[in-house]
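2 protein chains.
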Amino acid sequence: MSASRPAEGSFDAAAGRRPTLTQVAALAGVSLKTASRALNDEPNVAEATGRRVREAADRLGYRLNGIARELRRGATSALVGLISGDLTNPFYSAVASGIERELRQHGLQLVTANNDEDAELEQSLVDAFLQRRVRALLVVPSGEHHDYLAIEGNRGVPFVFLDRPPDEATADAVLIDNVGGARAAAEHLLAGGHRRIALVADLARMAPQRARIDSFVAAMKAAGNEEWEPYLRTDVHDVRRAEETVRELLELEPRPTAVFTTNNRLTTGALRALRGHTDPPALVGFDDFDLADVIGTTVVAHDSVAMGREAARLAHERISGFRGPARTVTISTTVIPRGSGERPPR
Amino acid sequence: MSASRPAEGSFDAAAGRRPTLTQVAALAGVSLKTASRALNDEPNVAEATGRRVREAADRLGYRLNGIARELRRGATSALVGLISGDLTNPFYSAVASGIERELRQHGLQLVTANNDEDAELEQSLVDAFLQRRVRALLVVPSGEHHDYLAIEGNRGVPFVFLDRPPDEATADAVLIDNVGGARAAAEHLLAGGHRRIALVADLARMAPQRARIDSFVAAMKAAGNEEWEPYLRTDVHDVRRAEETVRELLELEPRPTAVFTTNNRLTTGALRALRGHTDPPALVGFDDFDLADVIGTTVVAHDSVAMGREAARLAHERISGFRGPARTVTISTTVIPRGSGERPPR
DNA sequence: GGGACGGCAGACATCGATGTCATACTGCTG
DNA sequence: CAGCAGTATGACATCGATGTCTGCCGTCCC
């Protein structure tokens, strides 16, 4: 349309203020309600009237005010909130991507927020989202406790927990098979003949980490192995600390012959530490990652996109009226051997 | 609080319906307006009254209806929309993360949507966001043309383009120094003595790719090199095609001695193709990526988080009333030598 | 003692849409 | 031609909050 001049003076709509349906109606010479009917394709609008209204709307650049509509229609938006850690962590972004795709199927829109792994911030984000009247809230909780969340669930806004279970089984959850995954990793290394196996884990107070650690330990016990005990390192929370930790482990005497890292960050750190090492220990990492195939890193893989998808599915079922008891979906894991985990002990 | 029984019968609020301020006011025995004042910490509320209102709100589990508030306060939300490609691409998730952090400083909330690299879907997402009355829209456009977007900019909702410039200079934009980056890569390889340099590029119709290709070509011309010409491959759009393309290049006679890939996806493909190769060509990739240091891949790096941050900053300035002409921020690039780009020709 | 003023509270309009109900008009039927 | 069904339209209330305006009371001061 009118390409020559910027839209500036084209219409006398007050600057920066969007036209309302009332203005459209006035321009078309019909009542507010008729304009509404016309634009919503409701029945009983004369064809000529409809055309006039649409033209007027076009001319004014009218855009429906979704906020007003939502208020009238029941004060509930088409938004679904996700509260998680930083999206630069591929685990979270994969989850978000899975959620987003599934929600779109149902005409819902994802709103994301980063809790910075801080429980207090998380709580205020939950509050902000509830004020916005999101239809559901998906949370990868940061802290240990989140009772405060469950209460809301009973008040009408469905909650879905990802990766970490709710304190009481009062909300839907999608979890990774941490126990199975860690056991598989442990057994994989044991089967390769390793005994002195180092475990590098993140904050032990987080449920998934706890589960991976415990399951690893249980597998060692079951195999009658005690030689791993000097090599347990937990509460390693970032890439740099992981790198340092692995370096330190490799200077012990006797040296561990294998390392199991319990999430993608720690695996990255371990890879840095092992880089250029002439005689690296075996390595298995929890979480698959991009280019693991190129580097040749053996991992305990799981489908994080599917995780997001399942969470969105559960939420959508609740939104659609499902009232049954809380459900838990478990995402399975697989060990993918790529070389690093198959190096023999020495 | 009351831990024993689920919240079910605690209050007689109709199931699933959240209490309104009117109900709070009734329970506290004050008028609607007084309740509003009390909960908003407005002056001129007797202390006892305030306490009664807050208690009532607590008891009912009252939560402000943000939709209604937004309608009343000016029909504009605290949301900022981002439309980009799939968040599993680390470039997009880094950008999103930068945006999110910056917005939070200003009390704004990010809403993301994936355009699936499809122009039509993108347009309808823009529409949906505008209906939701977002305060600003940040877009990594998918298609070639996006005139339709600029129009809106003049109507009050600020647009910021990321990575790809608007057709006409009518909106703010944050771009990468594609020309400088590609030239630096080209010169780096030329300086290493390479002449038969392959270029593997994504869809040439996209502006950033176009710029990288052209700049590479210009650098070759400037160096009086023509030997690269048989090795130009464009419109390689996914990882697998990139892998195949590089494999094919390596079977040519004479073989190229170096490869320049123009984005992270293509670099991934190239790395797959080169994996296990006994005598790999030199490789430089546009976009830094996780573990590039471990693999030893030389890249043209840029700060994508900063890119998001800048975009959010520009948007926020517009939201705050800045009315000046469209601005463009350019994100600089650096070549980071890590080995792969320093392999000599042979 | 009267007026000014500040603190507190409520009535009412309002934001921009949609739902309900009433009304005017048309054309058809018996 | 009365009666009635069906279409097209509009007036008005409504969603849940906030802004404006008004009124009441007590206190302070001259």
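Residue numbers (this note's numbering), protein chains in the order written: chain A, 1 to 346; chain B, 1001 to 1346. Built from N, CA and C at the ideal position, the CB exists for glycine as well.
DSSP three-state assignment for residue i, whether helix, strand or coil
i: residue 1018 (chain B); result: coil
i: residue 40 (chain A); result: coil
i: residue 1212 (chain B); result: helix
i: residue 1052 (chain B); result: helix
i: residue 1103 (chain B); result: helix
i: residue 1066 (chain B); result: helix
i: residue 1258 (chain B); result: strand
i: residue 87 (chain A); result: coil
i: residue 110 (chain A); result: strand
i: residue 30 (chain A); result: coil
i: residue 94 (chain A); result: helix
i: residue 1308 (chain B); result: helix
i: residue 1061 (chain B); result: coil
i: residue 1194 (chain B); result: coil
i: residue 1285 (chain B); result: strand
i: residue 1175 (chain B); result: strand
i: residue 1316 (chain B); result: helix
i: residue 1326 (chain B); result: coil
i: residue 1073 (chain B); result: helix
i: residue 341 (chain A); result: helix
CB-CB length for residue i against residue j, believed under 8 Å
i: residue 300 (chain A); j: residue 207 (chain A); result: With 8 Å as the limit, residue 300 (chain A) and residue 207 (chain A) do not qualify as a contact, their Cβ atoms being about 17 Å apart.
i: residue 352 (chain A); j: residue 141 (chain A); result: Outside the modelled stretch of chain A, which goes from 1 to 346, sits residue 352 (chain A), for which no answer is possible.
i: residue 1175 (chain B); j: residue 1167 (chain B); result: That pair is no contact at about 14 Å.
i: residue 96 (chain A); j: residue 1079 (chain B); result: Between residue 1079 (chain B) and residue 96 (chain A) the Cβ distance is about 17 Å, and since that is not below 8 Å, they are no contact.
i: residue 85 (chain A); j: residue 305 (chain A); result: The Cβ separation is near 16 Å, so there is no contact.
i: residue 1215 (chain B); j: residue 1173 (chain B); result: At roughly 18 Å, the Cβ-Cβ gap does not stay under 8 Å, so residue 1215 (chain B) and residue 1173 (chain B) are not in contact.
i: residue 115 (chain A); j: residue 202 (chain A); result: Going by Cβ atoms, the distance from residue 115 (chain A) to residue 202 (chain A) rounds to 16 Å, so no, they are not a contact pair.
i: residue 239 (chain A); j: residue 268 (chain A); result: 5 Å
i: residue 1135 (chain B); j: residue 1178 (chain B); result: Residue 1135 (chain B) to residue 1178 (chain B), Cβ: 29 Å. No contact.
i: residue 1090 (chain B); j: residue 1290 (chain B); result: 7 Å
i: residue 1066 (chain B); j: residue 69 (chain A); result: Their Cβ separation, rounded to whole angstroms, is 15 Å, which puts residue 1066 (chain B) and residue 69 (chain A) out of contact at 8 Å.
Extent of the continuous alpha helix (DSSP H) run through residue i
i: residue 1188 (chain B); result: 1178 to 1191
i: residue 264 (chain A); result: 264 to 274
i: residue 80 (chain A); result: Looking at the DSSP string, residue 80 (chain A) is not in any alpha helix (DSSP H); the run it does join, the beta strand (DSSP E), is 79 to 84.
i: residue 1292 (chain B); result: 1292 to 1295
Residue i - containing beta strand (DSSP E), residue span
i: residue 46 (chain A); result: It is not in any beta strand (DSSP E) - residue 46 (chain A) carries neither H nor E in the DSSP assignment.
i: residue 198 (chain A); result: 197 to 200
i: residue 1298 (chain B); result: 1298 to 1301
i: residue 334 (chain A); result: 333 to 336
Q. Just by C-beta distance, which residues in the region 319 to 333 of chain A are closer than 8 Å to chain B?
A. Answer set for the region 319 to 333 of chain A: empty.
Q: Return the residues of the region 1110 to 1125 of chain B that lie within a Cβ-Cβ distance of less than 8 Å from chain A, sorted by chain order.
A: So the close ones are 1110, 1111, 1112, 1113 and 1114.
Q) Using a beta-carbon distance cut-off of less than 8 Å, what residues from the region 42 to 67 of chain A approach chain B? A) Correct list: 61, 63, 64, 65, 66 and 67.
Q.
At a CB distance below 8 Å, what residues from the region 284 to 316 of chain A approach chain B? Give them in sequence order.
A. Here the close residues are 289, 290, 291, 293, 294, 295 and 305.
(Q) Threshold first: 4 residues or longer. Then list the alpha helix (DSSP H) segments lying entirely within the region 116 to 168 of chain A, N to C. (A) You should have 119 to 131 and 147 to 154.
Q: Quick one: which unbroken alpha helix (DSSP H) runs of 4-plus residues sit fully inside the region 202 to 256 of chain A? Chain order, please.
A: Segments of the alpha helix (DSSP H) lying fully in the region 202 to 256 of chain A: 207 to 222 and 239 to 250.
Q: Give, in chain order, every residue of the region 258 to 278 of chain A whose Cβ lies closer than 8 Å to some Cβ of chain B.
A: Of all residues in the region 258 to 278 of chain A, only 268, 271, 272 and 275 come within less than 8 Å of chain B when Cβ atoms are compared, listed by chain position.
Q.
Which residues of the region 70 to 89 of chain A have a Cβ closer than 7 Å to any Cβ of chain B? Give them in chain order.
A. Here the close residues are 70, 71, 75, 77, 86, 87 and 88.
Q. Which residues, in chain order, does the region 1124 to 1140 of chain B contribute to contact with chain A at a C-beta distance below 8 Å?
A. From the region 1124 to 1140 of chain B, only 1127, 1128, 1130, 1131, 1132 and 1133 have a Cβ closer than 8 Å to chain A.
Q. If you measure beta-carbon to beta-carbon, which residues of the region 1156 to 1183 of chain B are closer than 7 Å to chain A?
A. Listed by position along the chain: 1156.
(Q) Counting only Cβ-Cβ distances shorter than 7 Å, please list the residues of the region 1018 to 1035 of chain B near chain A, keeping chain order. (A) Listed in sequence order: 1018.
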